[in-house]
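Listed below in structure tokens is the structure:
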């Protein structure tokens, strides 16, 4: 549920520590699913979502809200992120999500944020050599390809989404967990060593406004104040400049 306007509200909503980690050897996957979300006319649109058991709230991007046309309500929530950073959320909405088969539907409250994260994963991963289970339906057919994330489903319904069944891919750290959306990819995949750039994605929202304020304060503290001169000092300086 959303925080209400009573005085007790004010404790931050904390996103978890799940992260996607890319270096020259491996990439740790976040569980993603392609699901359907209802717009203002009751029609369903496909969207790629992250399922995050470390998040205490459900998030939706401004971009997706614009496409849905669903009515928003006012709220006042704070999401706490890494290293004490925070994001203040002003609007919320409620809408239905469902799996692609249509046999699971859930009405969920979402906090509206400018952006949830960058593309996930950050690089295209080679799965051609993997012996993927042939008899399972993947929650995200393109889990190995960079994709835009417009939805985050937190821990409120995480366990409800899960279903019995787990598949391990031989000779790898890749695991598929069954869910109402299909089998979710998790674990890690090796990447080629020529992918030398190291990217850490903590799936947390960056608050550029707070960053700007912090940087402004920093430069204000670092700025050398011009000393205030006495009348005698000003007279001496003027005399020195004339000579």
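In the working numbering, the protein residues as written are 469 to 711. Virtual Cβ for every residue (Gly too), placed ideally from N, Cα, C.
| Query | Result |
| --- | --- |
| Could you spell out the range, first to last residue, of the beta strand (DSSP E) harbouring residue 527? | 527-529 |
| Thinking C-alpha only, which one of 570, 545, 571, 589 is nearest residue 517? | 589 |
| Please state if the CB of residue 505 and the CB of residue 532 are separated by a distance shorter than 9 angstroms. | yes |
| Does the contact criterion of 3 or more C-beta pairs under 8 angstroms hold for the stretch 641-652 versus the stretch 549-568? | yes |
| Helix, strand or coil for residue 515, going by three-state DSSP, please let me know. | strand |
| Name the two residues that bound the continuous alpha helix (DSSP H) containing residue 626. | 626-629 |
| Does residue 633 come out as helix, strand or coil in the three-state DSSP assignment? | strand |
| Starting from the C-beta of residue 557, find all residues in its chain whose C-beta is less than 7 angstroms away, skip the five residues before and the five after it, and write them out in chain order. | 543, 545, 547, 579, 580, 581 |
| Would you give the residue range spanned by the beta strand (DSSP E) that residue 591 belongs to? | Residue 591 -> no beta strand (DSSP E), and no H or E assigned at all. |
| Determine, using beta carbons only, whether residue 623 and residue 522 come nearer to each other than 9 angstroms. | yes |
| Residue 584 and residue 620 look like a contact to me (Cβ under 8 angstroms); what is the Cβ gap, rounded to whole Å? | 5 angstroms |
| Is the Cβ-Cβ distance between residue 655 and residue 497 less than 9 angstroms? | yes |
| Below 7 angstroms CB to CB, which residues in the same chain sit around residue 637 once its five sequence neighbours on both sides are set aside? | 598, 599, 600 |
| Measure the CB-CB distance between residue 644 and residue 609 and report whether it falls below 9 angstroms. | no |
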